[in-house]
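K.L.:
Residue numbers (this note's numbering): 1025 to 1294.
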């Protein structure tokens, strides 16, 4: 399959939108957008110069590469409906947590095209730094996906389902959980009328150090020091916020397992 393949995007959410825009910018041909919401499908398709439909049965017969940018729990269902309509096409999903083989019962050619990035509506990713994790059932399709990854970005890795699942766990810690900690910190600051911007330099320094050396080696704070006086004062303030308190306790224990065993756990009642 050549780089001029007819591409069909299934879904019109954040991943499909950013992928579609990048494909158009790099001269790839997005032939069609399918999405259950007609208005959403039409909006993205018009931006990409593609056809659109809200009916799976309208899948173009010329589809060569079909990208399922849908919820993880919908991948198999959508694959089952579309697979028989395009028996010669390559089907890939964009999930980090779902095995590629979930499409095997329905699609002769299947694989994974997973951009390892957090996509938001407001911010376009810096594609040259987005790793593309690819895999496919045949060597030929692996080669094609690698070529596509190189066109769209720069960093391409072939990793199998097991490796990708572990990668996704690590990504949840590095991105989703880290961002949640930022969100909690923002709410704590707001509660006392303090500007969240005061923490920005600290957040930037933390990330910069984490990228330069082992984050474990750079860990600081009361849990690392075993400073129980400070920890107990923090826990006292957090009594009004049980979820944050539980998070504080569990993370402190994870940082320093030698902290006193009578420190309340997330399962205890406060």
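Cβ atoms here follow ideal geometry from the backbone N, Cα and C, with glycine treated the same way.
Could you tell me which whole alpha helix (DSSP H) segments of length 4 or greater appear in the segment 1237-1273?
P.N.:
The segment 1237-1273 contains these whole alpha helix (DSSP H) runs: 1246-1249 and 1252-1261.
K.L.:
Taking just the CA atoms, how far does residue 1273 sit from residue 1263?
P.N.:
Approximately 12 Å, taken between the alpha carbons.
K.L.:
Relative to the C-alpha of residue 1254, which candidate in 1227, 1226, 1283 and 1267 has its C-alpha closest?
P.N.:
When each option's Cα is compared against that of residue 1254, the closest is 1283.
K.L.:
May I have a chain-ordered list of the alpha helix (DSSP H) segments no shorter than 4 residues that lie completely inside the segment 1103-1188?
P.N.:
Runs found: 1163-1176.
K.L.:
With a threshold of 16 other CB atoms inside 10 Å of the CB of residue 1139, please say whether the residue is buried or exposed.
P.N.:
When all chains shown are included, residue 1139 counts as buried.
K.L.:
Please classify residue 1042: is it buried, with 16 or more other beta-carbons within 10 angstroms of its beta-carbon, or exposed?
P.N.:
So residue 1042 ends up on the buried side.
K.L.:
Looking only at DSSP bridge pairs, what is residue 1075 linked to?
P.N.:
DSSP lists 1056 as partners of residue 1075.
K.L.:
If you pair each beta-carbon of the segment 1103-1122 with each one of the segment 1179-1195, do three or more pairs fall below 8 Å?
P.N.:
Because the criterion of three Cβ pairs below 8 Å is met, the segment 1103-1122 and the segment 1179-1195 touch.
K.L.:
Is it buried or exposed, residue 1159, if we count other Cβ atoms within 10 angstroms and call 16 or more buried?
P.N.:
Label assigned to residue 1159: buried.
K.L.:
Just verifying my parser: in three-state terms, what is the DSSP assignment at residue 1032?
P.N.:
DSSP places residue 1032 in strand when its eight states are reduced to three.
K.L.:
Please report the residue range of the alpha helix (DSSP H) in which residue 1043 lies.
P.N.:
Start and end: 1038-1049.
K.L.:
Note the first and the last residue of the continuous beta strand (DSSP E) segment covering residue 1092.
P.N.:
Here the beta strand (DSSP E) through residue 1092 covers 1089-1092.
K.L.:
Under 7 Å, do residue 1169 and residue 1137 count as touching if we go by C-beta distance?
P.N.:
Yes, these two residues count as a Cβ contact at 7 Å.
K.L.:
According to the Cβ coordinates, are residue 1109 and residue 1072 closer than 7 Å?
P.N.:
For residue 1109 and residue 1072, no; Cβs fall outside 7 Å.
K.L.:
Figure out for me which residue from 1032, 1031 and 1279 has the closest Cα to the Cα of residue 1246.
P.N.:
Closest by alpha carbon: 1279.
K.L.:
Where does the unbroken alpha helix (DSSP H) through residue 1213 begin, and where does it stop?
P.N.:
Taken as a continuous stretch (DSSP letters only), the alpha helix (DSSP H) holding residue 1213 covers 1202-1215.
K.L.:
Which same chain residues end up closer than 8 Å to residue 1294 when comparing Cβ atoms and leaving out the 5 residues on each side of it in sequence?
P.N.:
With a pLDDT of 35 at residue 1294, under the threshold of 50, the predicted position of this residue should be treated as unreliable, though the coordinate-derived value follows. Cβ within range, chain order: 1263, 1266, 1269 and 1288.
K.L.:
Do you know offhand how far residue 1135's Cα is from residue 1166's?
P.N.:
So the two alpha carbons sit approximately 8 Å from each other.
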